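Data block below; observations after.
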Amino acid sequence: MSNNQDCVFCKIVKGELPSNKVYEDDKIFAFHDIAPNAPVHVLVIPKEHIPSMNFVNQENSQTIAQIMVQIPKLAKELKVDQSGYRVVANCGSDSGMAVEHLHFHVLGGRPLPQKLG
Numbered sequence: 004m005s006n007n008q009d010c011v012f013c014k015i016v017k018g019e020l021p022s023n024k025v026y027e028d029d030k031i032f033a034f035h036d037i038a039p040n041a042p043v044h045v046l047v048i049p050k051e052h053i054p055s056m057n058f059v060n061q062e063n064s065q066t067i068a069q070i071m072v073q074i075p076k077l078a079k080e081l082k083v084d085q086s087g088y089r090v091v092a093n094c095g096s097d098s099g100m101a102v103e104h105l106h107f108h109v110l111g112g113r114p115l116p117q118k119l120g
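Residues 4 to 120 (our numbering) make up the sequence shown, in order.
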């Protein structure tokens, strides 16, 4: 598994930085965002260092598929599956991506604004 020694999320996966973990398996790590934008704000990441969506390829696509299967399960566990939730993945500086490690925001727990931009 490839990790970037300077990446904050890689350090969280390795246990070098604390997190409020929600889920973990051999390929995925999910934890509460430290600066939540909604009552429920969880980040779901591949354990492997994938810098952004631009680096998804055939080799790591199974991990991304595994994340997509896990997100609805997490939404149910976090009790936002019925009321609704948003899944967002930013890519690049113009998107507001703050950490260059592919991650999916799962937000819910209140009505979310329609406008994103």
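We put the beta carbon where it would ideally sit given N, CA and C, even for glycine.
Computed from a prediction, not measured in an experiment: that's the story for all the values here.
| Query | Result |
| --- | --- |
| Burial state of E103, where buried means 16 or more other Cβ atoms lie within 10 Å | buried |
| Burial state of V83, where buried means 16 or more other Cβ atoms lie within 10 Å | buried |
| Spatial distance of P116 from A92 (CA atoms) | 17 Å |
| Identity of the residues DSSP links to H104 by a beta bridge | H104 is not bridged to any residue. |
| A41 - containing beta strand (DSSP E), residue span | Segment: none, A41 is in no beta strand (DSSP E) and carries neither H nor E. |
| Closest residue to I16 among L77, V43, P42, I53 (Cα-Cα distance) | One detail in the question is off: residue 16 reads as Val in this sequence, not Ile. If we check each option's Cα against that of V16, I53 comes out closest. |
| Validate contact between the region 8-23 and the region 57-75 using beta carbons, cut 8 Å, 3 pairs | no |
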